[in-house]
Amino acid sequence: MAAMDKRHKETTKKIKLIMKDICNDVLSEKKMPSFDITKIGYDNTVWSEAKRMLTVGTKTVHISPDTTKKIPTFSQYVVMSNAVRKLLDEQMESTIRGMYYATLSTVGDEKNKQKFWTSQDASDDAIKAVELLTGVPREEFSVTSKPKGMISGPILLRVGGDIIDCNLGSRATSQLIPTNIMDVEIVDVKADFVMVVEKDTVLNNIRKSGFIQKYNAILMTGSGEPDRATRMMVKTLNEVWKKPVVVFADADPWGLGIALRYKIGSESLSYDSDRLVTPDAKVLGMMFSDIYDYSIPEVARLTASEEDLNRASDMKKKQWLKEKKWQKELSLFLKNKEKCELDAFFKHGFRYLAETYLPQKLRASGIL
Amino acid sequence: MASSSTIQLGSSSIAQTNSKAKINFSKKAESEFFVDNSALAGFTGERILYMAIRELIENSLDSCEAERILPKIAVSLKLIDPLIDLWSISCEDNGIGIRSDKVSIAVCSFLTSGKYVEQQQRGLFGVGLKMIAAFSTKDTDHPLRVWSKSAEEAKEYYFELRTDIGTNKPIVLTKRDTKPKESILRGKSGFRIEAVLRGRLSPITKNRIHDYISQTSIVNPYAVISFSTDDGKITFDRRTTIMPEPAKEVLPHPADMDLKTLKKAIGNHALQKTTIQGILCNSFQKLSFDKAKEIIRIAGIEAKQADKYNEHELIKIVNICRQTKFQSPNVDHLSPIGERIFTVGMSAERSIFTRKENSISEDHLQPRISTKEMKPALTGYSSRACIINNRPTIVECGLAYGGNLSYFKLYRFANKIPLLYDEGSDVAREVISEVELNKMGVSKKQVKEQFSGLDSRSDRAIDLLPIHIFFHICSTKIPYKTAGKESIASEGELKKYMKACLSDLYRKVSKQIRHEMHLKDTENRLKLYRYYIPLIVDAISESIDVSAEDLTKSFLTLVERHVKKEVSHSPSLKVNAESHTAHNVRGLHESSRSKEASLVSKSSKPLKIKHVDTTQEKIENFITPSEESR
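Quick mapping for you: the protein sequence lines, in order, are chains H and C.
For the first sequence, this note's numbering begins at 59 and goes up steadily by one.
For the second sequence, this note's numbering begins at 21 and goes up steadily by one.
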């Protein structure tokens with residue numbers, strides 16, 4: 059806890075430094091205050107061959123109230139910085155939604171009133187800006203999101219003072235992955251490997267089948283787009299605890315995209331890839347070729363939308379998918395225009411996914 | 021049986037019809053005709069009082085302008101018997117008056133007018149004043165009271181008159197010269213009429229009368245017009261002593277010739293025994309003796325004394341003339357308002373408004389009228405001369421922008437008379453919707469963004485702008501759309517010329533409007549800073565130890581400097597506006613006066629359809645009223 063306090067103090071200090079800079083600009087230098095922060099997004103994301111992940115580029119954004127458009131942004135960042143400082147002073151933690159509410163206000167006079175935040179997205183962006191300004195990830199200043207990642211299997215966590223055993227014998231439920239990761243510590247991992255699936259429904263099915271006990275595995279899911287806590291947990295298990303990680307997602311461009319979040323990172327969080335990405339994770343399925351190799355009946359296949367096809371053709375051009383295997387898969391998809399969810403295996407029986415498909419895939423890749 | 025009975029029935033019905041269709045041919049006096057068809061002259065139901073005031077003011081203005089007398093007109097409208105809607109209406113002017121021997125017929129006999137000439141005037145038909153006399157005679161037992169002092173007699177006469185509607189003749193009840201003690205006309209000449217009329221004054225009519233008077237004052241800023249009512253008295257002061265060149269009487273143009281005009285011309289020369297060629301070149305403009313000979317030659321008619329030709333021969337001449345190309349008619353008979361006078365009118369347009377006041381004696385609110393003056397930030401003027409329906413026509417267009425104008429308004433005038441009804445069907449409305457706003461250098465979107473805060477009843481962008489547009493059409497034959505003479509039709513190329521004028525003005529205001537939008541934008545930006553700075557300062561002063569007051573002060577100074585600096589960097593009117601020093605203004609006036617003169621003195625040359633403004637003037641035309649008054 060003492061270490062934590064020190065980090066909090068550092069963050070507070072950094073925030074105050076930014077404030078002081080603004081004051082200095084206005085009071086002494088008599089110039090428009092400004093700061094440059096790293097640009098977030100696809101146009102400032104570069105593929106690093108060495109790191110095998112998406113990393114942030116060198117572009118920056120000039121944040122200053124020098125134009126009408128930028129006045130609200132500048133104010134939002136300053137207001138959010140102050141809110142984070144307050145949160146740390148009060149030794150509390152908050153979700154990103156909580157921060158949105160804490161800073162809600164209106165701007166203008168009676169005649170011309172507008173909202174300070176147009177939506178929570180704007181406040182989320184401001185939180186990201188504080189991360190970039192201070193160089194401290196938001197988990198370290200106790201701003202978290204609602205937990206949605208899940209974990210099940212022989213792993214022992216300590217959250218704050220409480221020990222949580224995720225190896226739940228009943229097979230009936232999973233443990234939510236806490237988002238206040240600064241308070242979470244992995245105590246022990248007994249599993250041989252970690253299997254990440256796209257959706258919680260699939261995770262439930264696999265868990266119920268007794269897969270965890272049979273193969274001594276840890277099951278995880280981000281329930282769609284994984285949050286940071288889930289990604290960090292996967293990375294820690296792989297790099298600190300040296301457990302192999304495999305990822306299964308739906309056989310569509312969207313699912314492939316989610317699987318790649320774990321393996322290479324994402325454009326919107328490329329500035330934090332070093333903490334979040336697990337380059338050694340193996341994306342094993344569901345492959346487009348699996349639709350045909352495992353004879354998924356036609357009724358269980360879905361027709362690809364225009365958007366899917368565009369996304370797939372984009373992906374095909376990406377450096378990180380230049381591997382022959384992926385090129386072949388994407389070509390197959392673009393040719394057949396068919397996609398498929400992992401749930402489609404239930405057509406072959408409720409135990410088929412966990413007892414036939416997954417073991418076969420794992421064996422083929424040498425995990426089992 | 022059946023067939024014979026049918027025949028019988030048929031024959032009897034024919035006999036019946038014959039007996040009923042016995043038509044009595046009788047002549048109706050002009051006065052009776054106009055009283056029976058009062059709508060022809062616009063005297064209908066609720067409009068009677070409005071029309072009466074209108075006719076009286078127009079007569080007075082014409083009377084003054086004929087001799088370049090600066091008009092001073094006093095109109096009054098007072099209720100004398102609310103039970104039977106009896107009103108006393110009076111109008112007094114300092115015009116040329118009417119000779120005592122002509123007063124009675126000028127006031128009472130329909131279709132008697134000194135205005136039957138080819139010359140631009142407000143009234144043309146010799147009906148308006150007579151209508152008042154006839155209605156007064158018809159509905160009341162009060163005589164018309166008239167005081168007249170004509171310039172040539174220099175003596176004031178007093179009359180009490182009524183109209184014999186059956187014969188179109190005046191009944192003179194009293195005629196005497198007033199003793200110096202009793203005389204009421206102060207000037208060298210003048211005319212005063214008092215009539216009692218029966219009519220209803222609805223709130224709408226009342227507003228129309230107010231609009232009529234205030235709009236008249238816009239195009240006649242050289243006139244003093246006072247208006248007294250039971251709601252109080254208001255006076256529109258004279259704002260300039262310049263008067264438009266009076267219209268001159270001109271000869272008819274041969275392209276407009278018909279059998280009637282030709283025979284009239286021959287009749288005028290009956291005693292002189294001249295040739296037809298002589299009559300042609302003396303009675304029509306733009307027709308030389310050689311040209312007249314040529315026309316006669318083509319017509320193939322023999323040479324004889326002019327009054328010996330029969331109609332079959334004369335119509336040949338008319339037909340040839342209609343096919344022959346002549347020089348364009350001159351515009352001496354037109355009297356445009358001119359840039360300078362127009363500008364004075366637009367720079368201080370006044371409107372009458374009624375407010376309710378608590379009167380001390382009674383409980384109810386007493387309406388009082390007063391005037392409100394508009395001060396636009398700038399005005400522009402543009403004009404075009406053109407030929408519409410073979411008649412020379414001058415289109416004048418004015419535009420007032422900004423200042424304390426708060427909404428869009430269109431003013432229409434024809435021969436200096438305001439047109440108040442049927443705006444929607446007027447060609448001017450079409451012109452405005454067809455001339456693109458981007459001629460001002462702004463987009464509809466920008467206009468909507470910047471001006472939508474004003475009370476907007478319409479989503480047409482032009483309606484959002486604080487702009488007043490004025491159209492004045494002068495011609496001896498205005499292409500009215502209806503007999504009511506309240507809207508102008510899109511005749512010939514009229515619309516094209518009106519559009520050209522409006523486009524000029526849009527271009528002229530472009531710089532200013534963009535500048536204003538820029539200022540508005542700056543203001544909005546400063547406002548935005550003022551909104552956000554407290555949030556920023558609060559956040560900072562909560563986090564670190566700094567005086568919120570000092571920080572706010574410094575921040576505000578900083579952003580003001582920041583915003584202003586950006587303003588001066590961007591293109592603005594400032595430099596131009598400042599260079600409009602007094603001598604520039606004087607220069608403009610001279611140039612505008614010479615232009616007015618040129619419009620009239622160009623008569624010997626063919627009237628070319630041309631752009632009246634020169635580029636030089638275009639640039640100089642931007643004077644704000646404040647600068648002008650300097």
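Glycine residues also receive a C-beta, built at the ideal position from the N, C-alpha and C atoms.
query                                                                                                                                                                                    : result
Give every residue of the same chain whose Cβ lies closer than 8 Å to the Cβ of C/Gly65, excluding the five residues on either side of it in the sequence, and list them in chain order. : Arg220
CA-CA distance, C/Glu416 and C/Arg404?                                                                                                                                                   : 7 Å
Answer yes or no: the CB of H/Glu198 versus the heavy atoms of the ligand GDP, is any distance below 7 Å?                                                                                : Ligands displayed in this structure: none; no statement on the ligand GDP is therefore possible.
Below 7 Å on C-beta distance, what does H/Arg143 contact in chain C?                                                                                                                     : Ser563
Give a yes or no on whether 8 Å exceeds the smallest Cβ distance from C/Arg220 to chain H.                                                                                               : no
Taking buried to mean at least 16 other C-beta atoms within 10 Å of its own C-beta, is H/Val136 buried or exposed?                                                                       : buried
My output table needs one value for C/Ser156: the three-state DSSP class, helix, strand or coil.                                                                                         : helix
Among the candidates C/Arg182, C/Ile564, C/Ala49, C/Pro163, whose CA atom is the shortest distance from the CA of C/Leu131?                                                              : C/Ala49
Do you know offhand how far H/Leu426's Cα is from H/Ser371's?                                                                                                                            : 33 Å
Pull up the distance between the alpha-carbon of C/Ala326 and that of C/Tyr517, whole angstroms please.                                                                                  : 41 Å
Under the three-state reduction of DSSP, which class applies to C/Val632: helix, strand or coil?                                                                                         : With a pLDDT of only 36 at C/Val632, under 50, the local geometry of the prediction cannot be trusted, and the value read off the model is given with reservation. In this structure, C/Val632 counts as coil in the three-state DSSP scheme.
Tell me whether C/Gly320 is buried or exposed, calling it buried when 16 or more other Cβ atoms sit within 10 Å of its Cβ.                                                               : exposed
Which residues mark the beginning and the end of the alpha helix (DSSP H) in which H/Arg421 is found?                                                                                    : 416 to 422
Hey, would you say C/Tyr441 sits closer than 8 Å to C/Glu506, going by beta carbons?                                                                                                     : yes
Beta-carbon separation of H/Asp401 and H/Val260 under 8 Å?                                                                                                                               : yes
Answer yes or no: do C/Tyr242 and C/Thr260 have a C-beta to C-beta separation smaller than 8 Å?                                                                                          : yes
Among H/Phe199, H/Asp124, H/Gln178, H/Val242, whose alpha-carbon lies nearest the alpha-carbon of H/Asp223?                                                                              : H/Val242
Looking only at DSSP bridge pairs, what is C/Ile213 linked to?                                                                                                                           : C/Cys111, C/Val166
Among residues of its own chain, excluding the 5 on either side of H/Lys117, which ones have a beta-carbon nearer than 6 Å to its beta-carbon?                                           : Lys97, Asn102
Under 8 Å Cβ-Cβ, which residues of chain H neighbour C/Asp250?                                                                                                                           : By Cβ distance, chain H contributes nothing, its closest Cβ being about 41 Å from C/Asp250, past 8 Å.
To test your reading of the DSSP string, which unbroken alpha helix (DSSP H) runs of 4 or more residues are found completely within the segment 354 to 424 of chain C?                   : 359 to 367
Return the CA-CA distance between C/Ser168 and C/Asp257, expressed in angstroms with no decimal places.                                                                                  : 24 Å
So, under 8 Å CB-CB, C/Gln386 and C/Asn350 are touching, yes? Tell me the CB distance rounded to an integer number of Å.                                                                 : With a Cβ gap of about 54 Å, C/Gln386 and C/Asn350 do not count as contacting.
Alpha carbon to alpha carbon, how far is C/Ile299 from C/Ser51? Give it in angstroms, no decimals.                                                                                       : 35 Å
Taking C-beta pairs closer than 8 Å, name the residues in chain H that C/Leu578 reaches, listed in chain order.                                                                          : Val84, Lys88, Lys89, Met90
Identify the residues that DSSP records as bridge partners of H/Gly343: which are they?                                                                                                  : H/Phe306
Can at least three beta-carbon pairs, one atom from the segment 301 to 311 of chain H and one from the segment 330 to 342 of chain H, be found at a separation below 8 Å?                : yes
Looking only at its own chain, which residues have a Cβ that is under 7 Å from the Cβ of C/Glu610, when we skip the five neighbours before and after it?                                 : Confidence at C/Glu610 is low in this model, with a pLDDT of 35, below 50, so its placement is unreliable and the value that follows should be read with caution. Cβ neighbours of C/Glu610 beyond the five flanking positions: none.
With contact counted as at least three CB pairs below 8 Å, one residue from each stretch, are the segment 398 to 417 of chain H and the segment 353 to 363 of chain H in contact?        : yes
Return the CA-CA distance between H/Glu283 and H/Lys204, expressed in angstroms with no decimal places.                                                                                  : 13 Å
Name the DSSP beta bridge partners of C/Arg550, please?                                                                                                                                  : C/Arg550 is not bridged to any residue.
Is there contact here, the segment 452 to 465 of chain C with the segment 223 to 237 of chain C, by at least three beta-carbon pairs under 8 Å?                                          : no
Return the residues of the segment 418 to 446 of chain C that lie within a Cβ-Cβ distance of less than 9 Å from chain H, sorted by chain order.                                          : none
Could you give the DSSP three-state label for H/Ser232: helix, strand or coil?                                                                                                           : coil
Just checking: is the beta-carbon of H/Lys71 within a distance shorter than 8 Å of some beta-carbon in chain C?                                                                          : no
Quick check: the segment 257 to 274 of chain H against the segment 358 to 369 of chain H, are there 3 or more CB pairs under 8 Å?                                                        : no
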